[in-house]
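**Q** The following block contains the structure, expressed as structure tokens.
This is how it looks when you write it as structure tokens:
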């Protein structure tokens with residue numbers, strides 16, 4: 020299931036990079052961080068072209084490294100990027116401001132999935148937890164896909180009004 024989700028997210032990222040890349044350093048930084056997160060997601064999920072030749076679960080260390088990237092991405096969005104986008108939108112009028120104020124809480128809803136995944140895989144000391152990884156990656160993938168779609172709406176506003 021996450022094969023399809025991962026492939027879709029990578030294709031959406033490529034579209035976003037073509038559409039908005041190079042227009043704003045904040046956008047470029049944000050999209051680059053998303054790319055790193057997605058590559059790592061695909062690697063631990065075994066999604067082409069990042070599938071492993073051996074049919075083995077990723078190591079706990081690899082999953083924890085992914086969790087670090089995931090938390091960095093989520094935190095940066097909440098504590099740096101969204102505030103800057105909302106502030107830029109507030110300067111540009113009520114329609115931009117209202118869109119940003121509508122999107123940020125919806126994006127925040129997807130944060131719970133990331134936090135739950137992180138907590139489960141960083142606090143566990145039992146390698147047996149990796150047998151749940153496939154199901155958990157699938158759920159996380161859906162939340163990330165929703166998050167990226169909503170973030171792209173913010174990117175559109177930022178690009179259109181502020182680049």
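Residue numbers (this note's numbering): 20 to 182. Even for Gly, the Cβ is constructed at its ideal location relative to N, Cα and C.
Taking residue 79 and residue 146 to be in contact with their CB atoms under 8 Å, please state how far apart those CB atoms are, rounded to whole angstroms.
**A** Between residue 146 and residue 79 the Cβ distance is about 6 Å, and since that is below 8 Å, they are a contact.
**Q** Which value, in whole angstroms, describes the spacing of the CA atoms of residue 90 and residue 43?
**A** Going from the Cα of residue 90 to the Cα of residue 43 covers about 23 Å.
**Q** Relative to the alpha-carbon of residue 140, which residue among 131, 152, 130 has its alpha-carbon at the smallest distance?
**A** When only C-alpha atoms are compared, the closest one is 152.
**Q** Give the single residue among 32, 177, 95, 58 whose Cα lies nearest to the Cα of residue 85.
**A** Nearest C-alpha to residue 85: 58.
**Q** Is the separation between the beta-carbon of residue 176 and that of residue 115 shorter than 8 Å?
**A** Yes, Cβ-Cβ distance for residue 176 and residue 115 is below 8 Å.
**Q** If you run the structure through DSSP and keep just helix, strand and coil, what is residue 115?
**A** Note: residue 115 maps to helix in three-state DSSP.
**Q** Could you give the C-beta distance for residue 25 and residue 63, rounded to a whole number, given that I count them as a contact under 8 Å?
**A** Rounded, the Cβ-Cβ distance is 10 Å, inconsistent with contact.
**Q** Is the number of C-beta pairs between the segment 123-135 and the segment 165-172 that are closer than 8 Å three or more?
**A** Segments in contact, yes.
**Q** Assign residue 67 to one of three DSSP states: helix, strand, or coil.
**A** Note: residue 67 maps to coil in three-state DSSP.
**Q** If you drop the 5 nearest sequence neighbours on each side, which residues of the same chain put their C-beta closer than 7 Å to that of residue 125?
**A** Correct list, in chain order: 169.
**Q** Cα-Cα, which of 76, 33, 119, 104 is closest to residue 148?
**A** Nearest of 76, 33, 119, 104 to residue 148, Cα basis: 76.
**Q** Between the C-alpha atoms of residue 34 and residue 179, what's the straight-line distance to the nearest angstrom?
**A** About 16 Å.
**Q** Sorted by chain position, which residues of the same chain lie with C-beta nearer than 6 Å to residue 49's C-beta, five sequence neighbours on each side aside?
**A** The answer, listed in chain order, is 100.
**Q** Looking at C-alpha atoms only, which residue of 47, 38, 134 is the closest neighbour of residue 196?
**A** This structure gives no information on residue 196, because the portion of the chain shown stretches from 20 to 182.
**Q** One question on the structure: do residue 32 and residue 104 come within less than 8 Å of each other, judged by their Cβ atoms?
**A** Contact: no.
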